[in-house]
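Asks: Read in order, the letters of the sequence shown correspond to residues 51 to 259 in my numbering.
Quick one: the structure is below, and I'll ask about it shortly.
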Amino acid sequence: MSKRCSHHGQCSCAWEAKEKDIDHGGTLYPFIDTDKVRGLNESKNGASKNVIKPWDERTDSKKVVRSTSGDGELIIHIPFTVQVKLKSFTVIGGDDGSAPNSVKLYKNRDDIDFETAEEVEADQEFNLTYDSDGSVQYPVKIFKFQNCSSITMFFTGNFDEETTQINYIGLKGEGTKNKRSIVVATYEARALESDHAKLTEQHASHSIQ
């Protein structure tokens with residue numbers, strides 16, 4: 051039975067659980083914006099959030115995501131609260147051949163769907179093996195996955211079922227202090243400086259005339 055928090059007000063239990071998860075070595079779980087995790091071709095809308103959970107809950111088969119019946123493809127978009135460097139990932143799938151057997155990774159592509167996934171080259175592709183406990187780590191090409199604000203995972207099929215099931219996705223790497231909102235603000239500031247320079251040139255031109 052799952053434990054429920056009995057605290058009131060702005061409880062920090064969820065964040066404390068994430069901080070505890072940091073001790074497992076390089077986990078990016080504390081930096082995942084879980085509320086904004088979304089999936090395509092889920093059998094139950096919003097179920098992709100179930101597979102983003104602490105390491106000690108990785109084998110919980112009650113919180114899973116499944117693709118729709120008869121279609122083994124599944125896309126899961128995972129945004130971060132800060133920019134991260136992805137180093138490796140883990141995938142625990144379902145039993146009886148429903149575990150995913152391959153995945154394509156896309157960095158900073160919030161627009162990936164089944165149509166664009168066929169048109170856009172993935173940053174890296176992997177053949178997966180069945181893993182029941184998260185013991186298999188898939189190292190990525192780190193130079194391709196620096197300054198990640200999001201990772202999109204396209205699971206293209208499974209071993210021998212009409213439906214793909216995923217129980218857990220674990221990401222490892224390094225988090226930064228650079229929040230996504232700060233990056234946007236920086237771009238806006240540069241744009242304002244550019245606009246100011248243009249206005250100054252126009253003013254100077256008018257003054258000469």
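Built from N, CA and C at the ideal position, the CB exists for glycine as well.
Please report the Cβ distance between residue 164 and residue 220, rounded to the nearest whole angstrom; I am assuming they are in contact, meaning their Cβ atoms lie under 8 Å.
Replies: The count along the sequence shown starts at 1 and reaches residue 164 at position 114. The count along the sequence shown starts at 1 and reaches residue 220 at position 170. About 25 Å separates the two Cβ atoms, so there is no contact after all.
Asks: Of the residues 204, 227, 212, 152, which one's Cα is nearest the Cα of residue 98?
Replies: Counting from 1 along the sequence shown, the entry for residue 98 is found at position 48. The shortest Cα separation from residue 98 among 204, 227, 212, 152 belongs to 204.
Asks: Give the secondary structure of residue 98 by DSSP, where H, G and I count as helix, E and B as strand, and everything else as coil.
Replies: Translated into the one-based positions of the sequence shown, residue 98 becomes position 48. Helix.
Asks: Between which residues of its own chain and residue 194 is the CB-CB distance below 8 Å, once the five residues before and five after are set aside?
Replies: As a working note, residue 194 is residue 144 in the sequence shown. Around residue 194: 157, 173, 174.
Asks: Along the chain, where does the alpha helix (DSSP H) containing residue 165 start, and where does it finish?
Replies: Taking the first residue of the sequence shown as 1, we reach residue 165 at position 115. First-last of the alpha helix (DSSP H) with residue 165: 164-169.
Asks: Expressed to the nearest angstrom, what Euclidean distance is found between the alpha-carbon atoms of residue 225 and residue 103?
Replies: Counting from 1 along the sequence shown, the entry for residue 225 is found at position 175. Counting from 1 along the sequence shown, the entry for residue 103 is found at position 53. For residue 225 and residue 103, the distance between alpha carbons rounds to 17 Å.
Asks: Skipping 5 residues on each side, what residues in its chain have a beta carbon closer than 6 Å to that of residue 162?
Replies: Residue mapping note: residue 162 aligns to position 112 of the sequence shown, counting from 1. Cβ neighbours of residue 162 beyond the five flanking positions: 156, 202.
Asks: With a cut-off of 8 Å, do at least 3 Cβ pairs link the region 174-193 to the region 90-97?
Replies: No, the region 174-193 does not touch the region 90-97.
Asks: Locate the beta strand (DSSP E) running through residue 154, then write down its first and last residues.
Replies: Locating residue 154 in the sequence shown gives position 104, counting from the first residue. Where residue 154 is concerned, the enclosing beta strand (DSSP E) stretches over 150-157.
Asks: Note down, in chain order, each residue of its chain lying with its Cβ closer than 6 Å to the Cβ of residue 154, except the 5 sequence neighbours on either side.
Replies: Mapped onto the sequence shown, residue 154 falls at position 104. Excluding residues within five positions, the ones whose Cβ falls inside 6 Å are 172, 175, 204.
Asks: Does residue 193 come out as helix, strand or coil in the three-state DSSP assignment?
Replies: Mapped onto the sequence shown, residue 193 falls at position 143. The answer is helix: DSSP assigns residue 193 an H, G or I state.
Asks: Mapping DSSP to helix, strand and coil, what is residue 213?
Replies: One-based indexing of the sequence shown puts residue 213 at position 163. Coil, per DSSP.
Asks: Look at residue 100 and residue 118 and say whether their C-beta atoms are less than 9 Å apart.
Replies: Within the sequence shown, the letter at position 50 stands for residue 100. Within the sequence shown, the letter at position 68 stands for residue 118. In this structure, residue 118 does not lie closer than 9 Å to residue 100 by Cβ.
Asks: Enumerate in chain order the residues of its own chain whose CB-to-CB distance from residue 132 is below 8 Å, with the five nearest sequence positions on each side excluded.
Replies: The residue given as residue 132 occupies position 82 in the sequence shown. Excluding residues within five positions, the ones whose Cβ falls inside 8 Å are 81, 225, 226, 227, 228, 229, 230.
Asks: Closer than 8 Å by C-beta to residue 170: which residues in its own chain qualify, once you throw out the five before and the five after it? Chain order, please.
Replies: Translated into the one-based positions of the sequence shown, residue 170 becomes position 120. The residues are 156, 159, 162.
Asks: Is residue 229 helix, strand or coil when you go by DSSP?
Replies: Position 179 of the sequence shown, counted from the first residue, corresponds to residue 229. Residue state, collapsed to three classes: strand.
Asks: Tell me whether residue 234 sits in a helix, a strand or coil according to DSSP, three-state version.
Replies: On the sequence shown, residue 234 is found 184 positions in, with the first residue counted as 1. Unreliable placement is indicated for residue 234, whose pLDDT of 39 sits below 50; the coordinate value is still reported in the next sentence. Three-state DSSP puts residue 234 in a helix.
Asks: How far does the beta strand (DSSP E) with residue 104 in it extend, from its first residue to its last?
Replies: Position 54 of the sequence shown, counted from the start, is the residue given in the question as residue 104. From DSSP, residue 104 is part of no beta strand (DSSP E); its letter is neither H nor E.
Asks: Between residue 85 and residue 210, what straight-line distance do the alpha-carbon atoms span, to the nearest angstrom?
Replies: Translated into the one-based positions of the sequence shown, residue 85 becomes position 35. Translated into the one-based positions of the sequence shown, residue 210 becomes position 160. The alpha-carbon atoms of residue 85 and residue 210 are separated by roughly 31 Å.
Asks: At which residues does the beta strand (DSSP E) containing residue 187 begin and terminate?
Replies: Taking the sequence shown and counting its residues from 1, one reaches residue 187 at position 137. That residue, residue 187, is in no beta strand (DSSP E); it is neither H nor E in DSSP.
Asks: Taking C-beta to C-beta, are residue 144 and residue 192 nearer than 9 Å?
Replies: The residue labelled residue 144 in the question sits at position 94 within the sequence shown. The residue labelled residue 192 in the question sits at position 142 within the sequence shown. In this structure, residue 192 does not lie closer than 9 Å to residue 144 by Cβ.
Asks: With a CB to CB cut of under 8 Å and the five nearest residues on each side skipped, what residues in its chain are close to residue 167?
Replies: Along the sequence shown, one-based indexing puts residue 167 at 117. Cβ neighbours of residue 167 beyond the five flanking positions: 125, 154, 156, 204.
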